[in-house]
Amino acid sequence: MNLIKDVAADELGPRQKIMEAATVLFANEGLHGTSTRDIARESGLNLSLISYYFGGKEGLYKTVIQEFVQKIFLQIDSVVNDFEQQEVSEKTLRKAIVSLVNAIIDMRAANPLMAKIMTREKLSGMPFSREIHESMMISSGEKIETIILKGQRAGIVNKKVNPRFFIVCLVEGILGYFNMLDCKCSWNDGLYEMPEQRQQFIDQISMIFLEGIFK
Numbered sequence: 003m004n005l006i007k008d009v010a011a012d013e014l015g016p017r018q019k020i021m022e023a024a025t026v027l028f029a030n031e032g033l034h035g036t037s038t039r040d041i042a043r044e045s046g047l048n049l050s051l052i053s054y055y056f057g058g059k060e061g062l063y064k065t066v067i068q069e070f071v072q073k074i075f076l077q078i079d080s081v082v083n084d085f086e087q088q089e090v091s092e093k094t095l096r097k098a099i100v101s102l103v104n105a106i107i108d109m110r111a112a113n114p115l116m117a118k119i120m121t122r123e124k125l126s127g128m129p130f131s132r133e134i135h136e137s138m139m140i141s142s143g144e145k146i147e148t149i150i151l152k153g154q155r156a157g158i159v160n161k162k163v164n165p166r167f168f169i170v171c172l173v174e175g176i177l178g179y180f181n182m183l184d185c186k187c188s189w190n191d192g193l194y195e196m197p198e199q200r201q202q203f204i205d206q207i208s209m210i211f212l213e214g215i216f217k
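When you read off a place in the sequence shown, starting at 1, and then add 2, the result is the number in this note's numbering.
In structure tokens form, the structure reads like this:
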């Protein structure tokens with residue numbers, strides 16, 4: 003089910019303002035800590051527009067998540083499509099995984115507020131985003147999985163590698179790294195800073211995850 007209301011081009015202004023205000027509040031206060039009045043005040047728009055565009059606070063919350071997940075889906079789709087247009091080899095598989103690492107880093111770095119929302123939602127058992135997760139995130143995971151499976155069928159990737167386990171460790175490893183940086187712990191000394199040491203981080207995580215899967 004598509005939770006996003008179709009809107010005319012001239013309506014995108016107030017709709018987007020509401021979403022941006024809600025994203026800040028949902029990230030900092032959580033869904034239950036945010037009221038529709040808070041969102042209206044933050045956006046500078048009439049309270050009734052929240053119901054008009056989104057059907058209420060929960061509909062707005064789900065829409066914020068869905069539109070973010072759609073961006074992730076498009077990024078992953080681009081990486082997989084590029085891989086599928088080339089002959090399967092260690093070189094093309096390495097390129098695909100590194101491209102995936104770059105995409106995850108870019109999305110996380112550009113959307114710290116959404117990262118907070120998604121982390122809280124996952125830790126709560128996905129009470130409001132399960133449908134979105136089941137329909138879109140699983141589809142994205144399966145697309146990434148095809149890269150590993152094709153590598154295994156071609157005899158390039160070790161058949162003992164569990165593709166889904168690999169994907170979860172890769173994605174959550176990157177997201178968890180950013181969470182550690184956000185904590186600003188003293189133990190972070192010696193870790194790669196973002197964005198200054200972005201390439202060193204990419205090289206390191208690519209080496210760790212790629213060297214372990216090839217034959």
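Each residue gets a CB set at the ideal place from its N, CA and C atoms; glycine is no exception.
Cα-Cα separation, residue i to residue j
i	j	result
Ala11	Phe211	In this prediction, Ala11 scores a pLDDT of 41, lower than 50, which makes its location untrustworthy; the coordinate-derived value is nonetheless stated afterwards. Roughly 43 Å between the two C-alpha positions.
Ile215	Leu172	12 Å
Phe28	Ile119	7 Å
Glu198	Gln206	15 Å
Arg96	Gly127	33 Å
Glu60	Asp40	14 Å
Met3	Val71	Unreliable positioning characterises Met3 in this predicted model, as indicated by a pLDDT of 41, which lies under 50. A coordinate reading is not provided.
Arg17	Tyr55	7 Å
Leu5	Val66	For Leu5, the predicted structure reports a pLDDT of 44, less than 50, and the residue's modelled location is therefore unreliable. A value from the coordinates is still provided. Computed Cα separation, rounded: 10 Å.
Asn160	Glu213	11 Å
Glu174	Asn181	10 Å
Ser218	Tyr179	Summary: the structure shown does not reach residue 218, with the chain confined to residues 3 through 217, and so no result is reported for it.
Gly15	Leu47	11 Å
Which of helix, strand or coil DSSP assigns to residue i
i	result
Val81	helix
Val90	coil
Phe75	helix
Phe130	coil
Check: residue i C-beta below 8 Å from any heavy atom of the ligand MG
i	result
Lys19	Absent from the structure shown: the ligand MG. Ligands present: none.
Closest by C-alpha distance to residue i, when choosing among the options
i	options	result
Ile146	Val103, Met196, Phe28 and Glu89	Val103
Ala111	Pro16, Phe203, Asp79 and Glu213	Phe203
Val90	Ser142, Arg155 and Phe168	Arg155
Gly58	Asn48, Thr38, Glu133 and Ile74	Thr38
Glu31	Ala98, Glu123 and Lys93	Glu123
Met109	Phe85, Ile140, Lys93 and Ile74	Ile74
Lys152	Arg132, Val82, Gly178 and Ser141	Val82
Val170	Leu49, Gly143 and Gln88	Gly143
Ser208	Ser101, Asp191 and Asn48	Ser101
Leu33	Arg200, Thr121 and Thr94	Thr121
Alpha helix (DSSP H) segment containing residue i, residue limits
i	result
Pro165	Pro165 to Cys185
Asp191	No alpha helix (DSSP H) contains Asp191, which DSSP labels as neither H nor E.
Gly46	Careful: Gly46 lies outside any alpha helix (DSSP H) and carries neither H nor E.
Ile146	Ile140 to Arg155
Glu123	Pro114 to Leu125
Ile207	Arg200 to Glu213
Ser50	Ser50 to Phe56
Contact under 9 Å by Cβ, residue i with residue j
i	j	result
Ser45	Glu22	yes
Ile106	Ile176	yes
Phe130	Lys64	yes
Ile20	Leu76	no
Met116	Thr25	yes
Thr148	Glu86	yes
Glu92	Ile158	yes
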